[in-house]
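Protein chains in written order, with this note's numbering: chain Y, 543 to 857; chain S, 20 to 498. Beta carbons are placed, not taken as given, at the ideal position from N, Cα and C, and that holds for glycine. Please read the structure below before turning to the comments.
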């Protein structure tokens, strides 16, 4: 038995050592041009803004769905758009902004519907490993132990990608849709991806739909509810808004949207805007069911400004 | 809880450590631990069905005791039929109720009669076919005085509920497993290491082969009406590898897991795609089910002792029941009938036991004749799998009709190069190991040094991580 255990421990140790070496020692050939590096810029802005400020939290529906400069100019309050990639998972998105929430701030969270139904979208996927390993290791502090365990297979997968020199594909997964690829410099200083505003629409990339048997994740709802408690405790405010969504897919997703909306309302963190308000014609979408083009961005931004103005007037 | 999940990767090491280090290696304490772990393992799917499992176990345990203590033959028979009736009743209600009702209504309507019927929204309890068959074999063996009943309820429950085999077999026999449960187990280094290797090989087959095949197979079968013949052929062939990788992979993991706990389970697969005829295929595919039907149905029906006609009838019955065991759908029955038709000529001409040895024994390569035999058998098996995989009989026939068109000779539109390479690797490894128990069984002899073997294991793990398909549940869980 002793020999067996020693062998197992040695094997596991060597294997993990190899994975860690692949993860951390193989240099990231991508240097710093990839869009994931926009996370560094967003954090720099988040940390530099004085309170009160408006922090937008979510996935790429925000990166591709807001004109933050217009919001800032309209309301006279500094804005940062933290939205970047849904694959970071809702838990990470929530945790990464928490330390920067101060008195008077307004946190506007806009998760993708997938965040409420898929385990990977809650705790993060391979792209989150890429972020914490190769883009900015300071992000490691936002991961819980359980989350690290969940990410272990993704980390191994990412390590193998690195051996094959394919980490660039991981970061660009599904996003290689226009000539300049998906780059750090396609974001403006507020955190919006605005380079695509000048591009014509691309073919819509559909996402794997949650199964009909899937239920709203209580954990995801709990995260938002917990964020609300946290934010309120810091004398700030939380608002939950739905993502923009494509009309052509709406009927297929209606059950998912209704369930999400119902579960949030039940947990006293309802959508501040009805989901239907952000259901837009297909022609207003750039390349996925969540990504708006400039025309769509303008409309959504207008609605968000009205909502925030109302909120500010009430207080 | 799936074998290929993080949950199991956490669950099993905990059980392993408790089992060997915190039980004083006393088999009675180990059995209690195994039982609790097995209930937890099963409860992770649906804890409500734990009650059904416990009831079924309790029933067979109790009737076993009553049969042994029955004073008369008639009382013994009463308890026997009670157990068989209730076991098959549960199976009938949970698995076949809707099938019988809707088939009966369809039959009536074919005579112009309208039947008003309602089907039940019955959830199939995972593994019910497997643990019911465990219990049945125990009761039948006691009835036939082949074994004495187990008087300790925990021991008996472990025999039925032992988590590695609980949900998808192998279907164990009391004569084989119970004696192992009722004696001290010793830890054997070589067996444990071999168990780990078998688990690794099983995971490779499940995650790399089966799950990746599933992506293409699902797409082909979902849109079968719009696929070219070459796509349909690819879908059918890949399903053959999917179901093999899935089920034999599961069995390998189950056997390896049990071996780490000092328990040997029955072998379930013997490299069936290297069979030279259908009879050999059935000696190598799902061995524990085939032998179960042989011992508890075929032989009691008279087996091959009577006339040729009797043998043919019995063989047909076995294949049909075997098909029906897999699921409540005519497709499975047709699949069984198809294999019966392939088997019968061999039986009639007395050639069904022609190939009882391993193909190309003692040689590296098969002869041309053997290659042709294996290819033909594989093609026939693949045709059978179309019935098995299709959602209905009409779809199966349409699928096969569409296969025979000019587009059969065009290139499939699905790209499966990497998957093809992995299937080839699996076939090569298993060919070299065909006289062994599993794909990595003799690696210690081929690669004598640890520093040569470990990179191979690491490579396998990395390929599982990198090329693993979308996690699919095991196909045989539905049976």
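Helix, strand or coil for residue i per DSSP?
| i | result |
| --- | --- |
| residue 788 (chain Y) | strand |
| residue 115 (chain S) | helix |
| residue 693 (chain Y) | helix |
| residue 814 (chain Y) | coil |
| residue 432 (chain S) | coil |
| residue 722 (chain Y) | Below a pLDDT of 50, predicted positions are generally treated as unreliable, and residue 722 (chain Y), at 47, falls in that range; no measurement from the model is reported. |
| residue 780 (chain Y) | strand |
| residue 25 (chain S) | helix |
| residue 190 (chain S) | coil |
| residue 145 (chain S) | coil |
| residue 179 (chain S) | helix |
| residue 310 (chain S) | helix |
| residue 727 (chain Y) | helix |
| residue 157 (chain S) | helix |
| residue 770 (chain Y) | helix |
| residue 456 (chain S) | coil |
| residue 677 (chain Y) | helix |
Return the CA-CA distance between residue i and residue j, expressed in angstroms with no decimal places.
| i | j | result |
| --- | --- | --- |
| residue 579 (chain Y) | residue 672 (chain Y) | 10 Å |
| residue 718 (chain Y) | residue 583 (chain Y) | Bear in mind that the predicted position of residue 718 (chain Y) carries a pLDDT of just 47, short of 50, making it unreliable; the figure below should be weighed with that in mind. The alpha-carbon atoms of residue 718 (chain Y) and residue 583 (chain Y) are separated by roughly 21 Å. |
| residue 806 (chain Y) | residue 776 (chain Y) | 21 Å |
| residue 314 (chain S) | residue 160 (chain S) | 10 Å |
| residue 655 (chain Y) | residue 847 (chain Y) | 22 Å |
| residue 37 (chain S) | residue 52 (chain S) | 8 Å |
| residue 229 (chain S) | residue 728 (chain Y) | 41 Å |
| residue 543 (chain Y) | residue 212 (chain S) | 11 Å |
| residue 772 (chain Y) | residue 799 (chain Y) | 25 Å |
| residue 194 (chain S) | residue 311 (chain S) | 12 Å |
| residue 35 (chain S) | residue 44 (chain S) | 12 Å |
| residue 104 (chain S) | residue 165 (chain S) | 21 Å |
| residue 849 (chain Y) | residue 814 (chain Y) | 8 Å |
| residue 269 (chain S) | residue 565 (chain Y) | 31 Å |
| residue 568 (chain Y) | residue 698 (chain Y) | 13 Å |
| residue 664 (chain Y) | residue 749 (chain Y) | 16 Å |
| residue 647 (chain Y) | residue 779 (chain Y) | 6 Å |
| residue 257 (chain S) | residue 250 (chain S) | 10 Å |
Can you tell me whether residue i is buried or exposed? The criterion is at least 16 other CB atoms within 10 Å of its CB, across all chains shown.
| i | result |
| --- | --- |
| residue 107 (chain S) | exposed |
| residue 289 (chain S) | buried |
| residue 657 (chain Y) | buried |
| residue 808 (chain Y) | exposed |
| residue 2 (chain S) | Since the displayed chain S opens at 20 and closes at 498, residue 2 (chain S) lies outside it and no answer follows. |
| residue 304 (chain S) | buried |
| residue 634 (chain Y) | buried |
| residue 386 (chain S) | exposed |
| residue 692 (chain Y) | buried |
| residue 362 (chain S) | buried |
| residue 722 (chain Y) | Confidence at residue 722 (chain Y) is low in this model, with a pLDDT of 47, below 50, so the placement of that residue should be treated as unreliable; the coordinate-derived value is given next. Flag for residue 722 (chain Y) reads exposed. |
| residue 747 (chain Y) | exposed |
| residue 76 (chain S) | buried |
| residue 781 (chain Y) | buried |
| residue 241 (chain S) | exposed |
| residue 79 (chain S) | buried |
Report back the beta-carbon spacing between residue i and residue j to the nearest angstrom; my notes put them in contact at under 8 Å.
| i | j | result |
| --- | --- | --- |
| residue 726 (chain Y) | residue 625 (chain Y) | Contact doesn't hold; Cβ gap of about 15 Å is too wide. |
| residue 439 (chain S) | residue 226 (chain S) | So it is not a contact: roughly 17 Å between Cβ atoms. |
| residue 677 (chain Y) | residue 639 (chain Y) | So it is not a contact: roughly 17 Å between Cβ atoms. |
| residue 338 (chain S) | residue 356 (chain S) | 7 Å |
| residue 591 (chain Y) | residue 620 (chain Y) | 5 Å |
| residue 210 (chain S) | residue 271 (chain S) | Contact flag wrong, Cβ pair sits at about 15 Å. |
Mind the definition here: the region 678–687 of chain Y touches the region 787–798 of chain Y only if three or more C-beta pairs lie below 8 Å; say whether that holds.
With a cut-off of 8 Å, the region 787–798 of chain Y and the region 678–687 of chain Y do not count as touching, because too few Cβ pairs lie within range.
When you compare the region 299–306 of chain S with the region 316–330 of chain S, are there three or more beta-carbon pairs, one atom per stretch, that lie closer than 8 Å?
no
Below 8 Å, can you find three or more Cβ-Cβ pairs linking the region 588–602 of chain Y to the region 814–828 of chain Y?
In short, these stretches do not touch, since the Cβ pair count stays below three.
Specify whether the region 182–196 of chain S and the region 111–124 of chain S touch according to this definition: at least 3 beta carbon pairs, one from each stretch, less than 8 Å apart.
no
Pairing CB atoms from the region 260–269 of chain S with CB atoms from the region 162–174 of chain S, are three or more of them under 8 Å?
With fewer than three CB-CB distances shorter than 8 Å, the region 260–269 of chain S does not count as touching the region 162–174 of chain S.
Check whether the region 38–57 of chain S and the region 83–101 of chain S touch, using three or more Cβ-Cβ pairs below 8 Å as the test.
no
Per the contact definition of three or more C-beta pairs closer than 8 Å, is the region 378–386 of chain S in contact with the region 142–151 of chain S?
no
Quick one: any contact between the region 391–409 of chain S and the region 273–283 of chain S, if contact means 3 or more CB pairs under 8 Å?
no
Using 8 Å as the Cβ pair cut-off and three pairs as the minimum, do the region 607–618 of chain Y and the region 731–743 of chain Y touch?
yes
Counting Cβ pairs, one atom from each stretch, are 3 or more of them under 8 Å apart for the region 338–353 of chain S and the region 397–407 of chain S?
Cβ pair count under 8 Å is three or more, so yes.
Contact the region 173–181 of chain S vs the region 26–41 of chain S: 3+ CB pairs below 8 Å:
no
Tell me whether the region 207–224 of chain S and the region 459–479 of chain S touch, counting them as touching only if at least three CB pairs, one residue from each stretch, are closer than 8 Å.
Flag = yes, the region 207–224 of chain S and the region 459–479 of chain S touch.
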